[in-house]
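Enquirer: Residue numbers (our numbering), protein chains in the order written: chain A, 1 to 541; chain B, 1 to 351.
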Amino acid sequence: MLRKILILAATFQLFGLPPEVEAQTQDASQANSALEEIIPILATARRNEVPDLVEIIANSQDSRRRPFLESLLNGQIYFTRDEERVVKVLRVDDQFQINDALSNEELGLVGTRAVRRVSVNNSLRRTIRLLIAGIDLQDDDPQVRLSAVEYMVAQEAAESREQLLQLQSEESDESVIQAIEEGLALTDLSSKDASLRSSALDKLAGNLNSTIRNSIRDMAENDPDPEIQAKAQDVLYSIQSKVELYGYVQTLFFGLSLGSVLLLAAIGLAITFGVMGVINMAHGELIMLGAYTTYVVQQAFPDSIGMSLFIAIPAAFLVSGLFGILIERGIIRFLYGRPLETLLATFGISLILQQLVRSVFSPQNRQVSNPEWMSGQWQINEVLALTYNRLYILIFCFIVFALLSLLLKKTRLGIEVRAVSQNRAMAKAIGVRSGWVDALTFGLGSGIAGIAGVALSQITNVGPNLGQAYIVDSFMVVVFGGVGNLWGTFYGAFILGIGNKILEPWAGAVVAKILILVFIILFIQKQPRGLFPQKGRGMEE
Amino acid sequence: MIAILLASCIIFPVFNLLVPESSAFHISTYLVTLFGKYLCFGLLALALDLAWGFCGILSLGHGAFFALGGYGMGMYLMRQIGDRGVYGNPNLPDFMVFLNWTELPWYWNGFNYFGFAMLMAAFVPGLLAFAFGWLAFRSRVTGVYLSIILQAMTYALMLSFFRNEMGFGGNNGLTDFKDILGFSLQSDVTRAVLFVLASLMLIIVYMICRHIVKSKFGRVVVSIRDAETRMRFIGYKVENYKTSVFVLSALIAGLAGALYVPFVGIINPGEFAPLNSIEIVIWVAIGGRSTLYGAVLGAILVSYAKTRFTAIMPEAWLFTLGGLFVFVTLFLPRGLAGFFSDLKTKLGKKA
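(1) Pick helix, strand or coil for W101 of chain B, following the three-state DSSP scheme.
(2) Please classify Q377 of chain A as buried or exposed, where buried requires at least 16 neighbouring CB atoms within 10 angstroms.
(3) Helix or strand or just coil, what does DSSP make of F361 of chain A?
(4) How is Q24 of chain A classed by DSSP in three states: helix, strand or coil?
(5) As a quick exercise: from A:Q229, A:N214, A:L406 and A:L394, pick the residue whose alpha carbon is nearest that of L256 of chain A.
(6) By alpha-carbon positions, which one of A:Q240, A:I267 and A:R197 ends up nearest to S210 of chain A?
(7) Does DSSP classify L102 of chain A as helix, strand or coil?
(8) Taking Cβ to Cβ, would you say L164 of chain A is nearer than 9 Å to L184 of chain A?
(9) Classify T44 of chain A: buried if its beta carbon has 16 or more other beta carbons within 10 angstroms, exposed otherwise.
(10) Quick one: list the residues of chain B neighbouring L318 of chain A, beta-carbon separation under 8 Å, in chain order.
(11) Note down, one range per segment and in chain order, each alpha helix (DSSP H) of at least 4 residues found wholly within the segment 275–358 of chain A.
(12) Measuring only the C-alpha atoms, how far is V296 of chain B from F309 of chain B?
(13) For a test of the three-state rule: what should DSSP assign to R230 of chain B, helix, strand or coil?
(14) With a Cβ-Cβ cutoff of 9 Å, do A265 of chain A and A452 of chain A count as a contact?
(15) Considering only residues of the same chain and omitting the five flanking positions on each side of F401 of chain A, which have a CB-CB separation below 8 Å?
(16) So within the segment 105–177 of chain A, which uninterrupted beta strand (DSSP E) runs reach at least 3 residues, ignoring any that extend past its ends?
(17) Would you list, in chain order, the members of the segment 90–121 of chain A that have their beta-carbon closer than 7 Å to a beta-carbon of chain B?
(18) For the segment 31–107 of chain B, list the alpha helix (DSSP H) runs that are entirely contained and at least 4 residues long, ordered along the chain.
(19) Does the beta carbon of K526 of chain A come closer than 9 Å to any beta carbon on chain C?
(20) Check the C-beta distance from L77 of chain B over to V264 of chain B and give it rounded, since I have them as a contact under 8 Å.
(21) Consider the Cβ of T441 of chain A: report whether some Cβ of chain B lies at a distance smaller than 9 Å.
(22) Taking the beta strand (DSSP E) that V89 of chain A falls in, what are its first and last residues?
(23) Can you say whether L99 of chain B is buried or exposed, counting buried as having 16 or more other CB atoms within 10 angstroms of its CB?
(24) Is L6 of chain B buried or exposed, if buried means 16 or more other CB atoms sit within 10 Å of its CB?
(25) To the nearest angstrom, how far is it from the Cα of V86 of chain A to the Cα of N48 of chain A?
(26) Taking just the CA atoms, how far does M276 of chain A sit from K428 of chain A?
(27) I want to verify the contact list: residues of chain A whose CB lies under 7 Å from the CB of R140 of chain B, in sequence order.
(28) Comparing the C-beta of T307 of chain B with each C-beta of chain A, is any distance below 9 Å?
(29) Considering Cα atoms alone, identify which of A:P314, A:A270 and A:L146 is closest to F532 of chain A.
(30) Measuring alpha carbon to alpha carbon, tell me which residue in A:G259, A:A205, A:I459 and A:E221 is nearest S238 of chain A.
(31) Can you look up R352 of chain B in the DSSP assignment and give me helix, strand or coil?
(32) Looking only at its own chain, which residues have a Cβ that is under 6 Å from the Cβ of T387 of chain A, when we skip the five neighbours before and after it?
(33) Against chain B, with Cβ distances strictly below 9 Å, would W506 of chain A count as a contact?
(34) Quick check on T25 of chain A: buried or exposed, where buried means 16 or more other Cβ atoms within 10 Å of its Cβ?
(35) Quick one, are the C-beta atoms of V222 of chain B and K242 of chain B less than 9 Å apart?
(36) Output yes if chain B places a C-beta closer than 9 Å to the C-beta of S362 of chain A; else output no.
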């Protein structure tokens, strides 16, 4: 009985006036003392009394109420069995560290049986969350207010409406106002007043939120007023075509992303295969070496995963590049003019490199972690989100391509490379050291394969078979684009990438891939030297 | 070469079946099966050598013709299981029952007849090769481009056969075969007979190939390999010659595949893997191309080495194989066959 009275007293004390008036009249010390009076009641309150108590706590203007409610939500609020004192509990080994529920002052360690949890069920949890959101509506940070509004809107609770209306009149931040308007319009959609429903529809036209879309779809099917039903159908149609449009943008992005991966994998090959005429079957393994270099670098700097990629890129370039030069000097230079035989030798090398990685690391995949700034996604709107890692790889691929084109176009090495690839004898005659150029070209192509490995390590498994997975695709891209032409490879990669992703939704991943392969086969019949064939008589072997 | 094959054709079955197991000369059924498999590889290598060694078509897609032939045989053997499958359905192979199919797809019709299945095992690869060659050679797709699109072909086929919807058993392929023409596949006698058949087939095909490359047709083909443009200017229909050789080569590869399946008892989409096709090229390169017998030798030696090495020290196998390729391409550009003939001429000079 005593408890009931206390609760009533507390209720009257705080609920006597509407909260906003109360906030002005009540001074801080009074509110503090109020909170200190109410909270102990939790220890003895019956289960059905707890929601009321929680509401009273939330409506006090005490700054400590939010942390307290959060602790309650997390199940950290207990009361001691002997004194019935309400405390916050932290687990320390087998014991509980108890703190004062409000001041967080440490009260020492107790056994786990000395305290009992204030039980919180699901419906209470929802109430507490809504109350916390209500508190957050008054936060200074617009971001906090925005997420509070979004939470309330998503919950579709009738009681939140008042709070939202009130905030709307005071709010200054654009995005928060917009969120509130959407939320209010959403509740209007289910109102009995036809004109309210109609104006809500106007406000929500073109909105991409899925809850809103579902409500409008519901109206388009079941609204009692035929006029509004027709209107809802129109709005729904415009929303759906917008969603569809963003769907295409998404597909395009996936296509670009796949294209960028293909380009990274193939571009090194475009140099070794295109410029030098070497069929490098070990190209995939050079990519794999790059990926493993990333792994090793990450192991070496476990504390700075974010920075390790920037170390891994030059490191991978060097490792794969050096391997490439080694292969060129040791084997390939004896095979110039016999392109099909370089296939055999480099295939042998690819087997050796695979086994090397298996023996040194392990046959299992290695874990390469994504740095913080590459994980997550960029949420452009409700239906369009781009993952950061794919976005960065796309940008990275453009940078690599630009640098490489620049290198081949402007630098002395680039000019010599092109000279040797076009006419070896003539280049030699005017003093180009063709052997040296060959080695560097091969090293460059291999080094770029290594860089591709760094990028791939962020989106696929790093294992001994990594290279195998990309070698066939890389050759397709180079052949499709036209041998000996970097731009051909560029367009080839993106056409195949986007084509694949466009086909995927209605054909399935495997059939899309098959169709692409068939397309390449047929295309080569029509255009035997790829998209951008090198011209001139010298090109006939 | 023929003598060796003929001898093995007698020795293997005799020592397998007639010599008691306790004897030191007994050849186990395992070895008979193993070498039977190698003979099929030899046949396959022969097919590739015909196309690559004599016509300059470096096919990275011969594994596809081989696998298609294998599927032809596999389908026949699958139909022979009848109602002895796990589900006991007399009309449908197990995997179709498992996928809840109610009737046999049309392209399975007729595969319960051995003759038809064998015809298909050769005909389908031949047809594919014809379509492919007709398109590619007419548009003068050559060299590396041809190799790569053939690789694309086998890759695409692999992906298709992995799909359950294709009706070829998907991932698992065709297996659990019981008997061929009424003889149990498990019995030693059947295996010995199959072995003899494989050797005879190899001998016959080898002789046919020999005859072809020695004929006028063969000489034209070799000239096309060495100077395609010149032959075209002289007035030869280069693409017709190339297509013919390519189709013939695919037929042989299909036949090899059909012979191979009864030995191993399974055919699955893994056979289409681009890697397998490259391995065939390796056999021919190591054995010595444009020699025919070198290709057979290379296939048998490399396969045997692979079996031995992977059993003894799996770690070292890839190192050895890789090293071998590098060594052969650098120092034995004409393969083992070339090495032997060089040795012969050298010895001859000394004497």
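Where is the CB? At the ideal position from N, CA and C, for every residue including glycine.
Expert: This is what the structure holds:
(1) coil
(2) exposed
(3) coil
(4) Bear in mind that the predicted position of Q24 of chain A carries a pLDDT of just 43, short of 50, making it unreliable; the figure below should be weighed with that in mind. Q24 of chain A: helix per DSSP, three-state reduction.
(5) A:L394
(6) A:Q240
(7) coil
(8) yes
(9) exposed
(10) Correct list: empty, because the minimum Cβ distance to chain B is about 23 Å.
(11) 283–300 and 305–330
(12) 20 Å
(13) helix
(14) yes
(15) L263, I267, L486 and F490
(16) 106–110 and 115–117
(17) none
(18) 62–81 and 94–98
(19) Note that chain C does not occur in the displayed structure, where the protein chains are A and B.
(20) No, L77 of chain B and V264 of chain B are not in contact; Cβ-Cβ is about 11 Å, not under 8 Å.
(21) no
(22) V86 to V92
(23) exposed
(24) exposed
(25) 18 Å
(26) 15 Å
(27) P528
(28) no
(29) A:A270
(30) A:A205
(31) Past the edges of chain B, shown from 1 to 351, lies residue 352 of chain B, and the structure says nothing about it.
(32) Q377
(33) no
(34) Caution applies to T25 of chain A, whose pLDDT of 43 falls short of 50 and renders its modelled position unreliable; the model cannot decide the point.
(35) no
(36) no
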